[in-house]
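Asks: Quick note on numbering: the sequence shown equals residues 1 to 333 in the numbering used here.
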Amino acid sequence: MRESTFIDRNFKRWEEIENDLKTDPDEISSDFIDLMNDLSYAQTHYPHSKISQYVNSLSSRVYKKIFLHQKQNKNPFYHFWVKDFPAILGHHSRILWLSAAIFFTFCLLGYVCSFIDTGFIEGILGSDYVRMTEANIKKGEPFGVYNSAQPLNMFMSIFANNLRVGLMVFITGILLGTGSFYLTFTNGIMIGAFFSLFIQNNLGTDAIFVIMLHGTFELMGLVLECMAGLILGLSFLFPGTLTRKQAFRKGLSESVKIYIGTIPFTTIAALIESYVTYLGKQGFETTNIFVLLFLSLVFISSWLFVIWYFFIYSKKLTEKYPYEQYLEAIIHK
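(1) Can you check which of these residues, Leu203, Pro142, Leu222, is closest to Phe185 by C-alpha distance?
(2) So the candidates are Tyr46, Ser29, His48; which of them puts its Cα closest to the Cα of Ser60?
(3) With distance defined between alpha-carbon atoms, name the residue in Ile88, His214, Asn75 nearest to Leu231.
(4) When you compare only the Cα positions, how much space is there between Asn19 and Ile7?
(5) When the distance is taken between beta carbons, is Gly110 closer than 8 Å to Gly229?
(6) How is the alpha helix (DSSP H) around Phe181 delimited, first residue to last?
(7) Which of helix, strand or coil does DSSP assign to Phe284?
(8) Short check: CB of Ala193 to CB of Phe120, under 8 Å?
(9) Provide the residue span of the alpha helix (DSSP H) that contains Arg2, from first to last.
(10) Looking at the C-beta of Leu304, does it have a partner C-beta in chain C at a distance below 8 Å?
(11) State the DSSP-derived secondary structure class of Ala160, mapped to helix, strand or coil.
(12) Indicate the three-state DSSP secondary structure (helix, strand or coil) for Asp38 in the structure shown.
(13) Taking buried to mean at least 16 other C-beta atoms within 10 Å of its own C-beta, is Ser14 buried or exposed?
(14) What residue from Val165, Arg131, Trp303, His92 has the CA that sits closest to Met227's CA?
(15) Would you call Asn202 buried or exposed, if buried means 16 or more other Cβ atoms sit within 10 Å of its Cβ?
(16) List the whole-angstrom C-beta distance separating Phe265 from Ala247, where the pair is believed to meet the contact cut-off of C-beta under 8 Å.
(17) Run the CB neighbour count on Met154, radius 10 Å, all protein chains shown included, and call it buried at 16 or more, exposed below.
(18) Below 6 Å CB to CB, which residues in the same chain sit around Ile272 once its five sequence neighbours on both sides are set aside?
(19) In terms of residue numbering, what span does the alpha helix (DSSP H) encompassing Phe310 cover?
(20) Looking only at C-alpha atoms, which of Tyr54, Val256, Ile102 sits nearest to Thr178?
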């Protein structure tokens, strides 16, 4: 359409936005989305016109109002967990699913290799660990390893180790994602071999139930750390419509937030592994029914939370937090 027609159709609305004193964040966000659409149209059809500069200036003012309102009215910790962190996951859901697929493919590979090569498990886990586990199985405590140390010491050791592993998976993503891919491969192979050790002793169901009491959050943390590393590497390789500097800055900001977001779940996983998992050390058959009900509650609650928060809620959030607004926030932070 002609520029004059475009202005006539929209100027009244722009004027209302410019003079409006709205305080409702949803209304302000709606105005921002409309302005971004107008700006996109104006820059495409009238790139050198003053109207493009005007709409750009107006959208910047509304954008500042959005985030000023957030700073004044939102607890930053609450905002991070309810909006910022899940929004990153939602807008990168393909990479989240890709990371999960990569990780579980390597777990499956480790499991299959354990059946092909009889010495594979010992080669991955170490002969001492395998012998200890087999001795525990004979004693009737197949998961006795989770009761082999004082809980607090176990928690500190597990937490420190998982934090270190996760940091390495994330940071090595700077090598164009290859470091994260390799470390996800080694961890996936190890976990696949670990589960196959119990499956080969007819304890597959028990292993999935007992180990995944803490493993639900622990393994999800590994998936997210792989995701963070891939975003860091791919942002430099594929900048899209952004400059390479902008894309890398965006990828760095997102990946750091994802890694920070994994820390509480790494902590919860270490707490469960140190203080709860050992309750199922004897497996299904000899565990007290009330203890079994408690462990079932932990198991089911963990899985439901992971599915809802990381995959359902994060994706739904993208509908309320459109990509244009999200991109503007990431680049200008």
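No residue lacks a Cβ here, since even glycine has one placed at the ideal position from N, Cα and C.
Owing to the predicted nature of the structure, the values given are computational and were not obtained by experimental measurement.
Replies: According to the data block:
(1) As a first step, residue 185 must be located in the sequence shown, where it is residue number 185. Looking only at Leu203, Pro142, Leu222, the smallest Cα-Cα distance to Phe185 is reached by Leu222.
(2) Numbered from 1 along the sequence shown, position 60 holds the residue referred to as residue 60. The shortest Cα separation from Ser60 among Tyr46, Ser29, His48 belongs to Ser29.
(3) Here residue 231 corresponds to residue number 231 of the sequence shown, with the count starting at 1. The identity of residue 231 in the sequence shown is Ile, whereas the question assumes Leu. Distances from the alpha-carbon of Ile231 to those of Ile88, His214, Asn75 put Ile88 closest.
(4) Stepping through the sequence shown from its first residue, residue 19 is reached at position 19. Stepping through the sequence shown from its first residue, residue 7 is reached at position 7. Rounded to the nearest whole angstrom, the CA to CA distance from Asn19 to Ile7 is 17 Å.
(5) Along the sequence shown, one-based indexing puts residue 229 at 229. Along the sequence shown, one-based indexing puts residue 110 at 110. No, these two residues do not count as a Cβ contact at 8 Å.
(6) Looking up residue 181 in the sequence shown gives position 181. From DSSP, the alpha helix (DSSP H) with Phe181 extends over 178-199.
(7) In the sequence shown, the residue the question calls residue 284 occupies position 284. Looking at Phe284 - three-state DSSP - the assignment turns out to be coil, as it is neither helix nor strand.
(8) The count along the sequence shown starts at 1 and reaches residue 193 at position 193. The count along the sequence shown starts at 1 and reaches residue 120 at position 120. It is a contact, given that the beta carbons lie within the stated cut-off.
(9) Here residue 2 refers to the residue found at position 2 when the sequence shown is read from its first residue. Counting along the chain, Arg2 falls outside any alpha helix (DSSP H), and DSSP gives it neither H nor E.
(10) Within the model displayed, chain C is absent; a lone protein chain is all it includes.
(11) Taking the first residue of the sequence shown as position 1, residue 160 is located at position 160. Here Ala160 sits in helix by DSSP.
(12) The residue labelled residue 38 in the question sits at position 38 within the sequence shown. Here Asp38 carries a helix assignment [DSSP, helix/strand/coil].
(13) For the purposes of this step, residue 14 is taken as the residue at position 14 of the sequence shown. Checking the sequence, you will find Trp at residue 14 rather than Ser. Trp14 is buried by the Cβ-count criterion.
(14) Locating residue 227 in the sequence shown gives position 227, counting from the first residue. That would be His92, whose Cα lies nearest to the Cα of Met227.
(15) Here residue 202 refers to the residue found at position 202 of the sequence shown. By the 10 Å Cβ count, Asn202 comes out exposed.
(16) Walking along the sequence shown from the start, residue 265 turns up at place 265. Walking along the sequence shown from the start, residue 247 turns up at place 247. 27 Å between Cβ atoms; not a contact.
(17) Along the sequence shown, read from residue 1 onward, the residue named residue 154 stands at position 154. Residue burial is scored here from C-beta neighbours: Met154 has at least 16 other C-beta atoms within 10 angstroms and is therefore classed as buried.
(18) Within the sequence shown, numbered from 1, the residue matching residue 272 stands at position 272. Here the set comprises Leu213, His214.
(19) Counting from 1 along the sequence shown, the entry for residue 310 is found at position 310. Run containing Phe310: none; DSSP gives neither H nor E here.
(20) Counting from 1 along the sequence shown, the entry for residue 178 is found at position 178. Out of Tyr54, Val256, Ile102, Ile102 has the C-alpha closest to the C-alpha of Thr178.
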